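In my numbering, the protein residues as written are -1 to 124.
Structure representation (structure tokens):
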């Protein structure tokens, strides 16, 4: 069992759960209920589900790696790829917080902590 990956799995599951529950009720449904261009609306809808699929897939792969079902040694590039994706999510999140001038943004949009943690823990393995 790889402890770094086990902890990253916990954060990935929390991120996925939060995205699918809070994200759909606080972001997706209200966004779909507003009146604006249907193509833009459906593009955002697709984007939400692309992220959902990635979050879920990476959580499953990280689980397999952490439990030894998948070999970490044979999948180092996959672990790095997952780490870089989560690092990218964190970087974009931090950029949006800083440029959006959101009051207490780093607290209100705390997902960057989970994303960064998953990335760092993945990189520690490689």
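For glycine and all other residues, C-beta sits at the position ideal for the given N, C-alpha and C. Keep in mind it's a predicted model, so treat the numbers as computed, not measured.
Could you check what DSSP says for residue i in three-state terms: helix, strand or coil?
i, result
"residue 99", "coil"
"residue 0", "coil"
"residue 32", "coil"
"residue 124", "coil"
"residue 114", "helix"
"residue 69", "coil"
"residue 79", "helix"
"residue 42", "helix"
"residue 125", "Nothing about residue 125 can be read from this structure; the chain reaches only from -1 to 124."
"residue 9", "helix"
"residue 87", "helix"
"residue 108", "coil"
Would you mind sorting residue i into buried or exposed? The rule is 16 or more other CB atoms within 10 Å of its CB.
i, result
"residue 57", "buried"
"residue 36", "exposed"
"residue 98", "exposed"
"residue 95", "buried"
"residue 81", "buried"
"residue 30", "exposed"
"residue 93", "exposed"
"residue 47", "exposed"
"residue 45", "exposed"
Below 7 Å CB to CB, which residues in the same chain sit around residue i once its five sequence neighbours on both sides are set aside?
i, result
"residue 88", "110, 113, 114 and 117"
"residue 9", "112, 115 and 116"
CB-CB under 6 Å to residue i, same chain, minus the five flanking residues each way: which ones, in chain order?
i, result
"residue 77", "120, 123 and 124"
"residue 84", "113, 116 and 117"
Quick test of your reading: residue i and residue j, contact by CB under 8 Å. State the CB separation rounded to the nearest angstrom.
i, j, result
"residue -1", "residue 64", "6 Å"
"residue 68", "residue 14", "Not quite, the Cβ-Cβ distance comes to about 18 Å (not below 8 Å), so this is no contact."
"residue 49", "residue 17", "7 Å"
"residue 22", "residue 60", "Not quite, the Cβ-Cβ distance comes to about 22 Å (not below 8 Å), so this is no contact."
Can you name, in chain order, every residue of its own chain whose Cβ lies under 8 Å from the Cβ of residue i, other than the five neighbours on each side?
i, result
"residue 70", "0, 3, 63, 77 and 123"
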